[in-house]
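Heads up: the structure comes next, in structure tokens.
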Amino acid sequence: MVNESRAYRNRWKYLCAGLTSVMLVLGLTPMSWARDDLQVWNTIELSKRLGPHWEVFFLPEIRIRDDAGEFFYHEYRQGVRYKPSKHWQLGLNYLFVRNESSGKPLEEHTGELDLTPKTTLGPLEVSLRGRLALRTIQGSTGEQEWQFRVMPKVAYPTQFVGHKLIPYAADDLYYDYTRDAWNQNRVFLGLAIPMGKALGAETTVDVYYMLQSQLGKRHDWSSSHVLGTKLSVRF
Numbered sequence: 051m052v053n054e055s056r057a058y059r060n061r062w063k064y065l066c067a068g069l070t071s072v073m074l075v076l077g078l079t080p081m082s083w084a085r086d087d088l089q090v091w092n093t094i095e096l097s098k099r100l101g102p103h104w105e106v107f108f109l110p111e112i113r114i115r116d117d118a119g120e121f122f123y124h125e126y127r128q129g130v131r132y133k134p135s136k137h138w139q140l141g142l143n144y145l146f147v148r149n150e151s152s153g154k155p156l157e158e159h160t161g162e163l164d165l166t167p168k169t170t171l172g173p174l175e176v177s178l179r180g181r182l183a184l185r186t187i188q189g190s191t192g193e194q195e196w197q198f199r200v201m202p203k204v205a206y207p208t209q210f211v212g213h214k215l216i217p218y219a220a221d222d223l224y225y226d227y228t229r230d231a232w233n234q235n236r237v238f239l240g241l242a243i244p245m246g247k248a249l250g251a252e253t254t255v256d257v258y259y260m261l262q263s264q265l266g267k268r269h270d271w272s273s274s275h276v277l278g279t280k281l282s283v284r285f
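Quick note: the sequence shown uses my numbering, first residue 51, plus one each step.
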């Protein structure tokens, strides 16, 4: 019992040291971002296994913009995932969004279908999530819009002072069928830190930097720098 308690304290010590280092490095870079928006996104994911192949989840997220000074966006994604094997995952989600970025609150209701093949290439874990979404945005035209997203991701599980760390890179590409254009790109660099199991739940902390590029109505691109966190708890 004493050894388990000491090991648990050591995990938190390494986590705090890792998070402090990451946020310090990321915190030094906004000085060069004076012309771009700095945003902070915070997410929590709660999931519950239902047998060996199924799980349900709830994933709320809040976003702050204008150099991390204005709360402007929150969303709630919930759904069910089916994992027939370690190489495939299928998801069916519902997403509710409230977005005040334009000054006028817009609410969005979206149904999503995910298909994610996974594999390993040597020490690397590789996945390719495809997502088909039917969006209904209230407060604008109110019309339904089809959207397709594809996100390749590469992760490299490793060990640091006896603790597992998972650095990763990903690129989330958006195709809007209504506009017939690729209209958004999100490039991620992140670090996932599994915290082990306690009280019947597996916990993982994730910190990342993301460069978000969006195509405007005048066909010009704008960029935002995002510092993000995600706490995942699986029962």
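Each residue gets a CB set at the ideal place from its N, CA and C atoms; glycine is no exception.
Would you kindly work out how many angstroms separate the C-alpha atoms of residue i and residue j, rounded to a whole number?
i: glutamine 194; j: glutamate 162; result: 13 Å
i: tryptophan 196; j: lysine 247; result: 39 Å
i: lysine 203; j: valine 276; result: 18 Å
i: phenylalanine 107; j: threonine 186; result: 22 Å
i: leucine 76; j: arginine 127; result: In this prediction, leucine 76 scores a pLDDT of 41, lower than 50, which makes its location untrustworthy; the coordinate-derived value is nonetheless stated afterwards. Leucine 76 and arginine 127: Cα-Cα distance of roughly 27 Å.
i: valine 130; j: glutamate 105; result: 6 Å
i: glycine 153; j: leucine 88; result: 18 Å
i: isoleucine 235; j: arginine 179; result: Before going further, note that residue 235 is asparagine rather than isoleucine in the sequence given. Near 14 Å, if we compare the C-alpha coordinates of arginine 179 and asparagine 235.
i: asparagine 149; j: proline 110; result: 14 Å
i: tryptophan 271; j: leucine 100; result: 43 Å
i: threonine 169; j: histidine 269; result: 37 Å
i: glycine 250; j: alanine 231; result: 45 Å
i: arginine 113; j: proline 134; result: 34 Å
i: serine 263; j: tyrosine 225; result: 13 Å
Thinking C-alpha only, which one of the options is nearest residue i?
i: arginine 229; options: Gly266, Val90, Ile94, His103; result: Gly266
i: lysine 136; options: Thr166, Asn143, Leu174, Ser274; result: Thr166
i: valine 147; options: His159, Lys154, Gln139; result: His159
i: tyrosine 218; options: Ser273, Glu125, Lys133, Ser177; result: Ser177
i: threonine 208; options: Asp222, Asp221, Ala183, Ile243; result: Ile243
DSSP on residue i, reduced to helix/strand/coil?
i: glutamate 193; result: coil
i: phenylalanine 238; result: strand
i: serine 273; result: strand
i: phenylalanine 146; result: strand
i: arginine 268; result: coil
i: arginine 284; result: strand
i: leucine 76; result: Caution applies to leucine 76, whose pLDDT of 41 falls short of 50 and renders its modelled position unreliable; the model cannot decide the point.
Where does the unbroken beta strand (DSSP E) through residue i begin, and where does it stop?
i: tyrosine 218; result: 213-226
i: tyrosine 258; result: 251-265
i: phenylalanine 210; result: 208-210
Does any residue of chain C bring its CB to less than 7 Å from the CB of residue i?
i: glycine 161; result: Within the model displayed, chain C is absent; a lone protein chain is all it includes.
Unbroken beta strand (DSSP E) runs of length 3 or more, entirely within the stretch 82-140: which are they? 87-100, 104-115, 120-135
Hey, which unbroken runs of the alpha helix (DSSP H) at 4 residues or more fall wholly within the stretch 148-203?
-> none
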